[in-house]
Structures are given as C-alpha cells and as structure tokens.
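Here the structure comes first, spelled out in structure tokens, and everything after it is commentary.
What follows is the structure, given as structure tokens:
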C-alpha cells in the first residue's frame, strides 16, 4: 500500500467497502480520489480509483441511475449549511419545522426521520440551510449517515434536555464522531426547555460541557429562544454581510453580499464582478450606525458584518 495515505482517504475507503449501492460507491470513490496524496507513489492507486469510478458510473447509468449526488447528500443553498445531529426523539425535526418552511415527519416514536430533510431558515436578510438528519443511536444508524454529516461539514448537536440518558447519549455520539474522524459540533442545543422550567437541568449540563460547546436552551414547541438560535447559527458560521452603494446614492440594505469572516474589501469587490475588482483603487467605508462615514480604506481592509462599501476605480 502506498505510504502517507491520509486519515480522510482511509475513512473514504472504509465507506467504499461498506457501500451498498452504485451511488454510495461513486460518492466514496470521488472522495477517495480527492483525498489521496498526489505523488509518484500513488499513481497506480489513482489510476485504479479512476477505473473503478468510471465502471461504477457506467453501471449506474445502465440501471437508470443518474450522475447526480446520492439522495442523502444535500446540495448547499443559501448563505450557509448546517446539519442537525443528535439521538432519537431529541426534537431535530420539530426544530426544522419551527424554523423553516420544511415539513419533516414528526412523531413520538424514534427513527421517524429516515432521509435528510433540508429547510431554509431566515435570519434577518439572509437564508441559512438547516438539514435534519436521521438520529445517531446505538440501536440503529443509517449506514450512509457519517458520509452525509461529512458532506455538510458543520453540525449542531441537538439533545432532549429532559432525557434521563442524556449524558450517555452525548458520550456515544462524541465517540462515534471521533471513530469516524468526523468534526465534533461546536454548538449544543438543549431542546424541549419547556420540560425544564427552572432551567436547573440545563445549568448542570452547562457546568459539565460548557467548555466543549457553545450552548443554548430552546423549545421548538413554545418557540423559546428560537430568535437567539438564528443569531447563534449565523455567528457559528462566521459570516459577514456587506452592502454596496454608488457615490451620492443610498445603500441597498436588502440584498447583502455574504462572505466568511476575514474577508477583505477586495474579496467583496470580486463578488461584485471580477473585472471590477482588478480596477479597484480604494473604497469608502460607511456603517449603518454612522460610526464611520466615508472613511477611505485599502483593498486589504477586513470587512465587518453590515459594513457598507462605496467602491472607487
């Protein structure tokens, strides 16, 4: 076996071996090809992956399959995408239903969610995609679920604050994610806060896990803290909204350019138009609160959320 195979490649290879359908094998092979180290020692391996990928695509086409992504890989829409993961009956589907126009199946019995259910959540003037995924459980787990979580990238751990086995459930999920080399969520949402009226259970959970997660108690049933959830998700994705204006004209504050935190004036200009960015000399910076009114800034200036830029070429 060629040396220096990455953990990401080895994980994709395991997914390929466990795949049951052509589309699952195609997705795993594509990831293997993307993560295999590119050097002389892996040339034969790369060729073999390409050969197997070509064969799988041919077989899928013969059987009426398409070259589109498997049904469990949700195409990103909006300003960002987040997967809701958690144990059975944690209320993930109820959260998606309360925050978006999606209509996931909601039931009292576990494992009612069998396929990803995406929905668009509105935060002020941007939309963020939430993806409700089947539960992670010792009893049963969809074989493709780790791949779906990896595809989304960023997740939120949703738990039932009234669950007596809550800590064991969290421990199992953390162990599973580590075993599959999946990124642990940075945020934990304690759902069903209406069943914890004094907040004592949530405070105990904060004491135990507060150093590992950003934590928020919400209730999909009553709507408690859902507005704060929207803001927390926006901040978690590290997004910034930037508006533009013409000299002497007001800014259009309804349709921002959405970029990742750390973006510069030049990055914003590239979003407006590639050629425009190449001719950019400088920009004037305005803020909605009037703190900065026409301050001249360089192309390398870091933008902040809700900055207003007036470009000069």
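Numbering (the numbering used here), first residue to last: 332 to 644. Ideal placement from N, C-alpha and C gives every residue a C-beta, glycine not left out.
DSSP state of residue i mapped onto helix, strand, coil
i           : result
residue 423 : helix
residue 449 : strand
residue 404 : coil
residue 372 : helix
residue 634 : coil
residue 335 : coil
Unbroken beta strand (DSSP E) run spanning residue i, endpoints
i           : result
residue 642 : 638-643
residue 545 : 545-548
Limits of the unbroken alpha helix (DSSP H) element including residue i
i           : result
residue 611 : Taken as a continuous stretch (DSSP letters only), residue 611 belongs to no alpha helix (DSSP H), as it is neither H nor E.
residue 576 : Taken as a continuous stretch (DSSP letters only), residue 576 belongs to no alpha helix (DSSP H), being part of the beta strand (DSSP E) at 570-576.
residue 415 : No alpha helix (DSSP H) holds residue 415; the beta strand (DSSP E) holding it covers 412-416.
residue 683 : The requested residue 683 does not occur in the structure, where the chain is confined to residues 332 to 644.
residue 525 : From DSSP, residue 525 is part of no alpha helix (DSSP H); its letter is neither H nor E.
residue 338 : 338-349
residue 564 : 557-567
residue 436 : Note, residue 436: premise wrong, no alpha helix (DSSP H); not H, not E.
residue 542 : It is not in any alpha helix (DSSP H) - residue 542 carries neither H nor E in the DSSP assignment.
Whole-angstrom C-beta distance between residue j and residue i, which should lie under 8 Å
i           : j           : result
residue 452 : residue 430 : 5 Å
residue 405 : residue 449 : 5 Å
residue 641 : residue 622 : Wrong, their Cβ atoms sit about 16 Å apart, outside the cutoff.
residue 545 : residue 563 : 7 Å
residue 464 : residue 477 : Between residue 477 and residue 464 the Cβ distance is about 10 Å, and since that is not below 8 Å, they are no contact.
residue 487 : residue 413 : 6 Å
residue 639 : residue 617 : 4 Å
residue 354 : residue 391 : 6 Å
residue 582 : residue 597 : No, residue 582 and residue 597 are not in contact; Cβ-Cβ is about 19 Å, not under 8 Å.
residue 555 : residue 536 : Between residue 536 and residue 555 the Cβ distance is about 16 Å, and since that is not below 8 Å, they are no contact.
Check: residue i C-beta below 6 Å from any heavy atom of the ligand GTP
i           : result
residue 536 : With respect to small molecules bound, the structure shown includes none, and the ligand GTP cannot be examined in it.
Q: Please go through the segment 454-522 and give each complete alpha helix (DSSP H) segment of 4 or more residues, from N-terminal end onward.
A: Under the rule that a run must span 4 or more residues, the alpha helix (DSSP H) segments found entirely inside the segment 454-522 read 476-483, 497-510.
Q. Counting pairs of Cβ atoms below 8 Å between the segment 411-429 and the segment 499-513, do you hit three or more?
A. Yes, the segment 411-429 is in contact with the segment 499-513.
Q: Within the segment 581-632, note down every full beta strand (DSSP E) run reaching 3 residues or more, in order along the chain.
A: For the segment 581-632, whole beta strand (DSSP E) runs of length 3 or above, ordered along the chain, are 588-591, 613-618, 624-628.
Q. Does the segment 473-488 come within contact of the segment 369-384, defined as at least 3 CB pairs closer than 8 Å?
A. In short, these stretches do not touch, since the Cβ pair count stays below three.
(Q) Whether or not the segment 544-554 and the segment 572-583 are in contact is what I'm after, with contact meaning three or more pairs of Cβ atoms, one per stretch, closer than 8 Å; do they touch? (A) Proximity of the segment 572-583 to the segment 544-554 falls short of the contact definition, fewer than three beta-carbon pairs being nearer than 8 Å.
Q. How do the segment 623-641 and the segment 588-601 stand: do at least 3 beta-carbon pairs fall below 8 Å, yes or no?
A. Touching, yes.
Q. Contact between the segment 521-537 and the segment 574-583: three or more CB pairs below 8 Å?
A. In short, these stretches do not touch, since the Cβ pair count stays below three.
Q: Say whether the segment 333-346 touches the segment 354-372, bearing in mind that this needs 3 or more beta-carbon pairs closer than 8 Å, one atom from each stretch.
A: Because the criterion of three Cβ pairs below 8 Å is met, the segment 333-346 and the segment 354-372 touch.
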